[in-house]
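Q:
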Amino acid sequence: MKKLLILITIPLVMLSCTTSKEARSSRIELKKEKRLAEQALIKKAVESKKFIIRFDRLYYSYGGMIDLIPRSNYIIIDGRKAIISAGYIGRQYDIRPIAGINMHGEATNYEVKFNSSKGIYEIKIKVTNKFNSFDVYLTIGNNGSCSASLNNVKIDYIRYSGQLVPLKNKMDNSQQQEKSDNTQQEEIAI
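For reference, each letter of the sequence shown is one residue, going 1 to 190 in this note's numbering.
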């Protein structure tokens, strides 16, 4: 009786092991596809100059670090428009105290270099308006992680880390609206 029970359970265990390997391999393939799609979105955002970088950490001189709130600390690059909103701590070379960086300007000198061996984008941007200018240096990984440094005459060197979020095109939103309108019209016709 024991031998019969063992003979029945062994094939069941073997059968369950083979299905778990197939499920595991399909999960791995799904993760790879998702990672490739994410990398394609990041590449498209960097090349089209339409992205937001949300900062979650500020690194100041002499090894200090501060956690930031991402929705309040960011850089937006939308074509030639640029917005910088970030906290600041460090030396300042101005009469008035500087507690943060808040600037609406124009992105000029947008240079992108892709380092294929490391899988990172190195971007140099000069953001200017009537009163101020910043040199922005970005290093963006394939997974969307980002390191940014800002240079200006009035502040000390400052570095941030965060995540890149691609901006949606206005055409994409209007196309989605048209598709939803078309499906509503088809539902009405039916």
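Don't be surprised by glycine CBs; every beta carbon is placed ideally from N, CA and C.
Tell me where the beta strand (DSSP E) around residue 156 begins and ends.
A: Residue 156 -> no beta strand (DSSP E), and no H or E assigned at all.
Q: Measuring only the C-alpha atoms, how far is residue 6 from residue 162?
A: 56 Å
Q: Tell me which same chain residues have a C-beta within less than 8 Å of the C-beta of residue 71, skipping the five on either side of it?
A: 54
Q: Residues bridged to residue 57 by DSSP?
A: 67, 161
Q: Thinking C-alpha only, which one of 69, 86, 65, 136 is nearest residue 56?
A: 69
Q: With burial defined as no fewer than 16 other Cβ atoms inside 10 Å of the residue's Cβ, what is the status of residue 95: buried or exposed?
A: Residue 95 should be labelled exposed.
Q: Distance check for residue 24 and residue 137, CA to CA, integer angstroms please.
A: Pairing residue 137 with residue 24, the inter-Cα distance amounts to about 40 Å.
Q: Should residue 125 be labelled buried (16 or more other beta-carbon atoms within 10 Å of its own) or exposed?
A: buried
Q: Per DSSP, what kind of secondary structure is residue 11 in: helix, strand or coil?
A: helix
Q: Mind pulling the beta strand (DSSP E) runs of 3 or more residues that sit fully within the region 95-162?
A: 100-115, 120-128, 133-141, 145-151
Q: Residue 85 bridges to which residues according to DSSP?
A: The partner list for residue 85 (beta bridge, DSSP) reads 74, 102.
Q: Between the C-alpha atoms of residue 148 and residue 47, what's the straight-line distance to the nearest angstrom?
A: Distance between the alpha carbons of residue 148 and residue 47 is about 17 Å.
Q: For my contact list, residue 101 and residue 121 are in at a C-beta cut-off of 8 Å; report their separation, rounded to the angstrom.
A: A Cβ-Cβ separation of about 22 Å leaves residue 101 out of contact with residue 121 under the 8 Å criterion.
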